[in-house]
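*Asks:* I have a structure I would like to understand better, so I am pasting it below and will then ask my questions one at a time.
There are 2 protein chains.
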Amino acid sequence: MTDNDARKSKSRRTREAIFIAARRRFAAHGYDGASVRDIAADAGIDPALVIRYFGSKDALFAEASDFKLDLPPLDSKMRGRAGEYMVQNFLDIWEGPDAGGAFTVLLRSAASNEAAAAKLREVFATQVIPSVAALAGTEGAQQRAGLITSHMLGLAMSRYILKLPPVVSMPPEMIVTHVGRAIQIYLDTPSDRL
Amino acid sequence: MTDNDARKSKSRRTREAIFIAARRRFAAHGYDGASVRDIAADAGIDPALVIRYFGSKDALFAEASDFKLDLPPLDSKMRGRAGEYMVQNFLDIWEGPDAGGAFTVLLRSAASNEAAAAKLREVFATQVIPSVAALAGTEGAQQRAGLITSHMLGLAMSRYILKLPPVVSMPPEMIVTHVGRAIQIYLDTPSDRL
DNA sequence: GTCTATAATTCGATAGAC
DNA sequence: GTCTATCGAATTATAGAC
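Protein chains in written order, with our numbering: chain A, -10 to 183; chain B, -10 to 183.
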């Protein structure tokens, strides 16, 4: 390993440290509540380096909140249990191995930051609606997706952001069962009854 | 009307102007996004007066976000349609004559402001849970209220905060019908199946 | 590649004249 | 009762030494 490689490697690790600290700070306190100084302190480096590596706080936020929902392909043969499946997948995003991730960053900030809200709308339009359309047909897919998202986002708000005690202590299986059933109804409602 | 009365009256009107401007600013931009200077500019007065009348920005926020859900009494004789009734009532809070009110202030700020989140939890505990308990019995009332709130808050987030296009353009009757049915199921589920 | 020092704003809050 | 002037702290971002 040459000196050049060593430097490059250290540079990459510094950038990574900043990125991880930023995602955690943004997730915990939102865009406004997380300062560049705080992020730098968490990462153990100087605040100036944050700007040097990412250009601006906005650019860092954009990168920290960029993510794919990664909805697994839901074909029509699993129709009957798609609701439960979607809720389980949603819980995995929040509570799985890489929790505290970009989704928390986005939702927490979106309420008072227009850029974050716009990105959330984009995720909805490009990832949620097509996924619902693939499952229940294109007709009424926007309304179905809207109703489903209304429930899912509220679940995330209640459980992870506001931390309403009864929702926090609810076991995952209970959430999957009940919310899954509600989602299933939204998927099964005939288009002409929407 | 004496000089004293006139002064008092003007004082009251100034305070009112500050309060209205504050509620609108907080509702539109959240706690952090609304500065005392902005609020004063909207009210057409000097920033120092905001502090003079309310003591601090925190105190002003507390007053602007204080509200009662004012859930109408739901007795058990309207059981079958309670879900739709609750959703209609919820829509009225947001879209009725005094929209842009304290609820918007609270929800928008709660995502990144712990004080606002705490107040929202208090509203949930002291107003939502008892109302659900009166309707469906005390057994499992917390879980029922949690599931119902998960849907309602998500609806508010989608329609009023994030403004997801399909949810924004959804006619109220459609929301009442579909979300009302989901709420109804949460109310009707037997306690031993929760 | 990293840090010190600081510029340029913006914030909430205060003191005191009128 | 209202405003002018300003303080002290915090913010993002930059310039330049090492």
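Glycine included, each C-beta is placed from N, C-alpha and C at the ideal position.
From a predicted model like this one, the values you see are computed outputs, not experimental measurements.
Kindly say whether Arg26(B), judged by its beta-carbon, lies nearer than 8 Å to any beta-carbon of chain A.
*Replies:* The sequence position of residue 26(B) within the second sequence is 37, counting from 1. So no, Arg26(B) is outside the interface.
*Asks:* For Ala125(B), I'd like the list of residues in its chain whose CB is within less than 7 Å of its CB, leaving aside the five on either flank, ordered along the chain.
*Replies:* The residue labelled residue 125(B) in the question sits at position 136 within the second sequence. Arg133 and Leu176.
*Asks:* Strictly under 8 Å for the Cβ-Cβ distance: is Gln116(A) near chain B by that measure?
*Replies:* Counted from its first residue, the first sequence places residue 116(A) at position 127. Output row for Gln116(A): interface = no.
*Asks:* Does the distance from the C-beta atom of Ser101(A) to that of Asp21(B) stay below 8 Å?
*Replies:* Within the first sequence, numbered from 1, the residue matching residue 101(A) stands at position 112. Within the second sequence, numbered from 1, the residue matching residue 21(B) stands at position 32. Yes, they are a contact pair.
*Asks:* Pick out whichever of Leu38(B), Met75(B) and Ala106(B) has its Cα sitting closest to the Cα of Leu151(A).
*Replies:* Start at 1 with the first residue of the first sequence, and residue 151(A) comes out as number 162. Closest option to Leu151(A), Cα to Cα, is Ala106(B).
*Asks:* Run down chain B in chain order and give the residues with a C-beta less than 7 Å from the C-beta of Gly126(A).
*Replies:* On the first sequence, residue 126(A) is found 137 positions in, with the first residue counted as 1. By Cβ distance, chain B contributes nothing, its closest Cβ being about 15 Å from Gly126(A), past 7 Å.
*Asks:* Which runs of the beta strand (DSSP E) at least 3 residues long sit entirely within the stretch 54 to 79 of chain B? Give them in chain order.
*Replies:* Within the stretch 54 to 79 of chain B, no complete beta strand (DSSP E) run reaches 3 residues.
*Asks:* Given this structure, state the Cα-to-Cα distance separating Trp83(A) from Asp31(A), to the nearest angstrom.
*Replies:* Start at 1 with the first residue of the first sequence, and residue 83(A) comes out as number 94. Start at 1 with the first residue of the first sequence, and residue 31(A) comes out as number 42. Rounded to whole angstroms, Trp83(A) to Asp31(A) spans 22 Å at the Cα level.
*Asks:* Can you find a CB in chain A that lies within less than 8 Å of the CB of Pro155(B)?
*Replies:* Translated into the one-based positions of the second sequence, residue 155(B) becomes position 166. Taking Cβ atoms only, chain A reaches closer than 8 Å to Pro155(B), which makes this a yes.
*Asks:* If the cut is a Cβ gap below 7 Å, which residues of chain A does Ala97(B) touch?
*Replies:* Locating residue 97(B) in the second sequence gives position 108, counting from the first residue. The amino acid at residue 97(B) is misidentified as Ala; the sequence shows Arg. Residues of chain A passing the Cβ test: Ala100 and Ser101.
*Asks:* Once you ignore the five residues that flank Val112(A) on each side, which residues in its own chain have a CB closer than 7 Å to its CB?
*Replies:* As a working note, residue 112(A) is residue 123 in the first sequence. These residues qualify, in order along the chain: Leu58.
*Asks:* For Arg1(B), which residues of its own chain have a beta-carbon under 6 Å away from its beta-carbon, when the five flanking residues on both sides are left out?
*Replies:* Taking the first residue of the second sequence as position 1, residue 1(B) is located at position 12. Answer for Arg1(B): no residue qualifies.
*Asks:* Please report the straight-line C-alpha distance between Thr115(A) and Val25(A), rounded to a whole angstrom.
*Replies:* The sequence position of residue 115(A) within the first sequence is 126, counting from 1. The sequence position of residue 25(A) within the first sequence is 36, counting from 1. Their Cα atoms are separated by approximately 31 Å.
*Asks:* So Ala190(A) packs on Leu38(A), CB below 8 Å; how close in whole Å?
*Replies:* Nothing about residue 190(A) can be reported from this structure: the residues present for chain A run from -10 to 183 only.
*Asks:* Buried or exposed, going by whether 16 or more other CB atoms sit within 10 Å of the CB of Pro155(A)?
*Replies:* Your numbering for residue 155(A) matches position 166 in the first sequence. Under this definition Pro155(A) is a buried residue.
*Asks:* For Leu63(A), which of Ser54(A), Ala53(A) and Tyr74(A) has the nearest alpha-carbon?
*Replies:* What you label residue 63(A) is simply residue 74 of the first sequence in a count that begins at 1. Comparing Cα positions, the closest option is Tyr74(A).
*Asks:* Among Leu153(B), Leu49(B) and Pro179(B), whose alpha-carbon lies nearest the alpha-carbon of Leu136(A)?
*Replies:* Position 147 of the first sequence, counted from the first residue, corresponds to residue 136(A). For Leu136(A), the nearest C-alpha among the options comes from Leu153(B).
*Asks:* Would you decide whether Lys108(B) is buried or exposed? Buried here means 16 or more other CB atoms lie within 10 Å of its CB.
*Replies:* Here the question's residue 108(B) lines up with position 119 in the second sequence. Buried, by the Cβ-count rule.
*Asks:* For Met146(A), which three-state DSSP category applies?
*Replies:* For the purposes of this step, residue 146(A) is taken as the residue at position 157 of the first sequence. Residue state, collapsed to three classes: helix.
*Asks:* Against chain A, does Gly143(B) count as a neighbour if the rule is that its beta carbon must be under 8 Å from one of theirs?
*Replies:* Numbered from its first residue, the second sequence carries residue 143(B) at position 154. For Gly143(B), the answer is yes, since a Cβ of chain A falls inside 8 Å of its Cβ.
*Asks:* Below 8 Å between beta carbons: does that hold for Thr93(A) and Ala10(A)?
*Replies:* To locate residue 93(A), count along the first sequence from 1; it is residue 104. To locate residue 10(A), count along the first sequence from 1; it is residue 21. Going by C-beta atoms, Thr93(A) is not nearer than 8 Å to Ala10(A).
*Asks:* Does the Cβ of Thr138(A) have 16 or more other Cβ atoms within 10 Å, making it buried, or fewer, making it exposed?
*Replies:* Counted from its first residue, the first sequence places residue 138(A) at position 149. Under this definition Thr138(A) is a buried residue.
*Asks:* So, for Arg12(A): in the same chain, excluding its five sequence neighbours on each side, which residues have a beta-carbon less than 8 Å away from its beta-carbon?
*Replies:* By one-based count along the first sequence, residue 12(A) stands at place 23. Closer than 8 Å at the Cβ level, and outside the excluded window around Arg12(A), lie Ala53, Gly89, Gly90, Ala91 and Val94.
*Asks:* When Cβ atoms are compared, which residues of the stretch -2 to 12 of chain B fall closer than 8 Å to chain A?
*Replies:* Against chain A - using a Cβ distance shorter than 8 Å - the stretch -2 to 12 of chain B contributes no residues.
*Asks:* Quick check: the Cα distance between Glu5(B) and Ile34(A), rounded to an integer number of angstroms?
*Replies:* The residue given as residue 5(B) occupies position 16 in the second sequence. The residue given as residue 34(A) occupies position 45 in the first sequence. Answer to the nearest angstrom: the Cα atoms are 48 Å apart.
*Asks:* Where does the unbroken alpha helix (DSSP H) through Arg170(B) begin, and where does it stop?
*Replies:* Locating residue 170(B) in the second sequence gives position 181, counting from the first residue. Unbroken alpha helix (DSSP H) run through Arg170(B): Pro161 to Asp177.
*Asks:* Is the shortest distance between the beta-carbon of Thr93(B) and the beta-carbons of chain A less than 8 Å?
*Replies:* For the purposes of this step, residue 93(B) is taken as residue 104 along the second sequence, with counting starting at 1. Answer no: the Cβ-Cβ gap between Thr93(B) and chain A never drops below 8 Å.
*Asks:* Does Gly135(A) come within less than 8 Å of chain B when only Cβ atoms are used?
*Replies:* Residue 135(A) sits at position 146 when you count from the first residue of the first sequence. Interface residue, yes.
*Asks:* If you draw a straight line from the alpha carbon of Ile118(A) to that of Tyr42(B), how long is it in whole angstroms?
*Replies:* Within the first sequence, numbered from 1, the residue matching residue 118(A) stands at position 129. Within the second sequence, numbered from 1, the residue matching residue 42(B) stands at position 53. Taking the straight line from one Cα to the other gives about 49 Å.
*Asks:* If you measure beta-carbon to beta-carbon, which residues of the stretch 61 to 72 of chain A are closer than 9 Å to chain B?
*Replies:* Of all residues in the stretch 61 to 72 of chain A, none has a Cβ within less than 9 Å of some Cβ in chain B.
*Asks:* Is there a C-beta anywhere in chain A that falls below 8 Å from the one on Leu176(B)?
*Replies:* Mapped onto the second sequence, residue 176(B) falls at position 187. False, the Cβ-Cβ gap to chain A never drops below 8 Å.
*Asks:* What does the alpha-carbon distance come out to for the pair Ser147(B) and Leu49(A)?
*Replies:* On the second sequence, position 158 is the one that residue 147(B) refers to. On the first sequence, position 60 is the one that residue 49(A) refers to. Between Ser147(B) and Leu49(A), the C-alpha separation is close to 26 Å.
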